[in-house]
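Trainee: Under this note's numbering, the letters of the sequence shown match residues 18 to 133, in that order.
Glycine is no exception: its CB is placed at the ideal position from the N, C-alpha and C atoms.
All of these numbers come straight from a predicted model, not from anything done at the bench.
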Amino acid sequence: MKPFKGCVNENCSAYKKIHYRRDDHYCRKCGHPLYSVCADCWTVLGEDDTQRICASCQAKRTQRNAERVERAKHVGIAVAGVAAGAKAMVNNIDSISKSAKKVASIGADVIKVIKK
Numbered sequence: 018m019k020p021f022k023g024c025v026n027e028n029c030s031a032y033k034k035i036h037y038r039r040d041d042h043y044c045r046k047c048g049h050p051l052y053s054v055c056a057d058c059w060t061v062l063g064e065d066d067t068q069r070i071c072a073s074c075q076a077k078r079t080q081r082n083a084e085r086v087e088r089a090k091h092v093g094i095a096v097a098g099v100a101a102g103a104k105a106m107v108n109n110i111d112s113i114s115k116s117a118k119k120v121a122s123i124g125a126d127v128i129k130v131i132k133k
C-alpha cells in the first residue's frame, strides 16, 4: 500500500486530520508542501517508502496483536474449564457442591481476564 500524504505544518487546520491524494503536492489549507506520513502517528516517511505506517507503529500493532492472542488463549482455557465443570456436574449429581465451587472460581478468573 502506498503511504498517505499529509501536511506537516503544526499550525495548519489540516495537520493530523486530512490525508491527501498521491498527486497532491501542496496543502489546500495553508499551502505548505505535503510529505508522505505515517497513517497512525503522522511521522514523515521517506519518499521511496511503500508502507502506510512507520516501523515504530508497525511494532506497536504487532505487540498489541500478540497480546490479544494471548488473552484469547486465556479466555479459551477458562471456557474449557467451565465446560469441564459443567460436564462434571451432569455426570456426578453427588458432587454438585464441589463442582459449583469450581465453576464459580473459574468464572471469577474469567471475569478477571476479561476486565484486563
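#1: Taking the CB atoms as reference points, tell me whether A56 and I70 lie closer together than 7 Å.
#2: Does the structure place the region 120–128 close enough to the region 96–103 that three or more beta carbon pairs sit under 8 Å?
#3: Mapping DSSP to helix, strand and coil, what is V86?
#4: Quick check on the burial criterion: 16 or more other C-beta atoms within 10 angstroms. Buried or exposed for P20?
#5: Per DSSP, which residues does V54 bridge with? Please list them.
Mentor: Walking through what the data contain:
#1: In the sequence shown, the residue the question calls residue 56 occupies position 39. In the sequence shown, the residue the question calls residue 70 occupies position 53. Their beta carbons are under 7 Å apart, which means A56 touches I70 by this criterion.
#2: yes
#3: Walking along the sequence shown from the start, residue 86 turns up at place 69. Here V86 sits in helix by DSSP.
#4: To locate residue 20, count along the sequence shown from 1; it is residue 3. The residue in question, P20, is buried, as its Cβ has 16 or more Cβ neighbours within 10 Å.
#5: Walking along the sequence shown from the start, residue 54 turns up at place 37. Residue pairing by DSSP puts V54 in a beta bridge opposite F21, V61.
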